[in-house]
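Q: Here it is, the structure, as structure tokens.
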Amino acid sequence: MKRFLMIWLAVSLLLALPAWAHIGSAGVVVEKQVGKYSLLISVQPPDVVPGVAKVAVFVQQGRVSAIGARPVYFFAGDKGAPTHDELMKTADGSYQADIWLMESGSSSIELSLDGPDGHQQVIVPVVSVATALREMPAGTGIGLAAMGLLLIAMLVTIVGASNADGVLATGQVTPAKLRRRRLVGMGVGLVVVTLVLTGWRTWWNHTSDAYRTEQLYQKPALNTVITGPATSRQLAIRLDTTGFGQPDNQKRRQMSFLIPDHGKLMHTFLVRVPGLDAFAHLHPTRRDSLEFTSQLPGLPAGKYLLFSDVVYRSGFSETLTDTLDLPAPVAGTNAVTDADDSWLTTNAISTKPAETTMARLDNTMAVCGKPGDRVPLSDGSSMLWMDKPGAVLETGKPYVLKFALADANGTATPIEPYLGMSGHGVIVHNDGSVYIHLHPVGTYSMAAEGSLVNRIADTARNVPSISAVTFRDSIDRYVAHLKTLPEAEKNKVLAAAMPSHEMKINNMVSFPYSFPKAGRYRIWVQVKRQNKVLTGVFDTDVEEPLM
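When you line the sequence shown up against mature numbering (1 follows the signal peptide of the UniProt record, and there is no 0), it's residues -21 to -1, 1 to 526, in that order.
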């Protein structure tokens, strides 16, 4: 069955489109336990809207007799959603369907499962936006043009005949006067058709321009600067509001309606290029609606890629990007804005990993799977990439990336909750074209899921309006309150906000993912042990499959 799973998901992900909530990565991949059902779900949103989202569900555990799916938009809610379309069971055991997404905006695919093991529902957040322009194939265009000319000729001929032949008895010779009427009628008909086609062409050009300027997704720009003295460098991230006054500007955002994801309004990652040898995971503090600031740790000088993940009230999530040059740090500049901030420097991706030998393991680690690469961590423990299939992975193929934690003696040591979850992962292609922030459940935001689940549970057809200032202030108070809580209590609050994602307390963390393009990747795996954030760094090569 696993082999069949790899086949169907590999095919679907090979056709995946770049995602907007991350950079250059595939659509939504979810591994989830609901009731007695263990599911692996793939949703590939369309790159044009209206368009078809390809939904595939593989039931790894549980007895299911039927699965339905439907799109549910945040602003329409459950009352404005269509009925479920039934997913068809395929020869490989997966359930698949094409679901139409008719509108742009924050959306979700609601799955309804029925069977001997009960009824369950799953919400998969999907951002429905147009990200591409499609050109008509030349052959199709030529064929349609030829048929159009034929139809015009027939229409003009019919108009002419109706003014001459149509008023004569059968067999009567057409007089010269009617022949002139025929020509006049054909001329008038041609003029009318030309005017209609000109009007249609004008409408089409307007619609096409509106698609490019109003519907095609455009990422807001950031103005990122370094402020403050050398001993206390501040990272200031400010949204570029150029053009926000235009109501149809696709870069316009309601920044006052951000919601926290894992207790943070913004997750910012800094990666030094070209070596990917310096990394930071920061959580900037909101200063006003448009500006976030964070204390910069002692990262080495160089050019950095900046990725900032945010989630809006509607469940719409996106990654804002920028590049910046950091000056050399001054000794003692390791102050942080947030206790959950972390950073490290390591070897460059272009060099051989520092250590790929098998770790010394005792019997507690024997059940974790086949050990792969091992990297030492800052506290003397080590992290292992378990069950790694080989030195080179394949694009489009689904992998469950499993990592285990061992202490200095090679004994399995438990992972503590980090921001309410067992761990976080970040993957970046060596040329910076692919970035994704992973969670154990999959490739989407937990905050987006919670927002959409609550909206679907709401019986109101319309979303209740709320003051931007009131909403922003209430969120800021909540985030500030979380920072005052002891670690254990904070994790309880965060876990309560994610009731469908129970954390398993052991020494393992895993992330479902499919690499979208060939090349070399760096993977940062972050876990918590003894109240300290630890980061394991792994490199892997990915190639296109042979077949």
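Every residue gets a Cβ at the ideal spot worked out from N, C-alpha and C, and that includes glycine.
Between which two residues does the alpha helix (DSSP H) containing Val428 stretch?
A: At residue 428 the sequence reads Glu, which differs from the Val that was named. 425 to 436 is the span of the alpha helix (DSSP H), which, as asked, contains Glu428.
Q: If distances are taken between C-alpha atoms only, which option among Phe517, Asp77, Val101 comes closest to Asn326?
A: Phe517
Q: Spell out the partners DSSP gives Ile454 in its beta bridges.
A: None, per the DSSP bridge assignment.
Q: Name the DSSP bridge partner or partners of Leu255?
A: Leu255 is bridged by DSSP to nothing; it lacks a bridge partner.
Q: Report buried or exposed for Thr422, applying the criterion of at least 16 other Cβ atoms within 10 angstroms of its Cβ.
A: Thr422 is buried by the Cβ-count criterion.
Q: Please state whether the Cβ-Cβ distance between Ser360 and Arg508 is less than 8 Å.
A: yes
Q: Return the residue from the list Val38, Pro50, Ser293 that minimises the CA-CA distance to Val31.
A: Pro50
Q: What does the alpha-carbon distance come out to for the pair Tyr397 and His403?
A: 8 Å
Q: Just confirm the distance between the C-beta atoms of Pro393 and Asn485, as a whole number of angstroms; I'd bet it's less than 8 Å.
A: 6 Å
Q: Out of Gly139, Val36, Val105, which one is the CA nearest neighbour of Val171?
A: Gly139
Q: Would you call the CB atoms of Leu90 and Gln75 closer than 8 Å?
A: no
Q: May I ask you to list the residues that DSSP assigns as paired with Gln274?
A: Gln213
Q: What is the DSSP secondary structure of Glu523, counted as helix, strand or coil?
A: Glu523 sits in coil when the DSSP states are folded into three classes, being neither helix nor strand.
Q: Where Phe286 and Glu270 are concerned, what is the direct C-alpha to C-alpha distance, given to the nearest angstrom?
A: 15 Å
Q: By alpha-carbon positions, which one of Ala257, Met400, Tyr414, Pro355 ends up nearest to Ala385?
A: Here the closest residue by C-alpha is Pro355.
Q: Closest by CA to Ala467, which one among Asp304, Gly399, Arg499?
A: Gly399
Q: If you measure between the beta carbons of Val315 and Gln274, is that distance less than 8 Å?
A: yes
Q: In this structure, does DSSP put Gln40 in helix, strand or coil?
A: strand
Q: Compare the C-alpha of Ile454 against each of Asp26, Lys243, Glu522 and name the closest.
A: Lys243
Q: Which of the three DSSP states, helix, strand or coil, is assigned to Met365?
A: strand
Q: Here's the rule I'm using: 16 or more other beta-carbon atoms within 10 Å means buried, otherwise exposed. How should Ala125 be labelled?
A: A residue is called buried when at least 16 other Cβ atoms come within 10 angstroms of its Cβ; Ala125 does not meet this threshold and is exposed.
Q: Please report the distance separating the alpha-carbon of Thr181 from that of Tyr190.
A: 14 Å
Q: Flag this pair as yes or no: are the beta carbons of Pro239 and Val458 separated by less than 8 Å?
A: For the pair Pro239 and Val458, the CB atoms are nearer than the 8 Å cut-off.
Q: Going by DSSP, which residues form a beta bridge with Trp182?
A: Paired residue(s): none; Trp182 is not in a bridge.
Q: Kindly identify the DSSP beta-bridge partner or partners of Asp301.
A: Leu285
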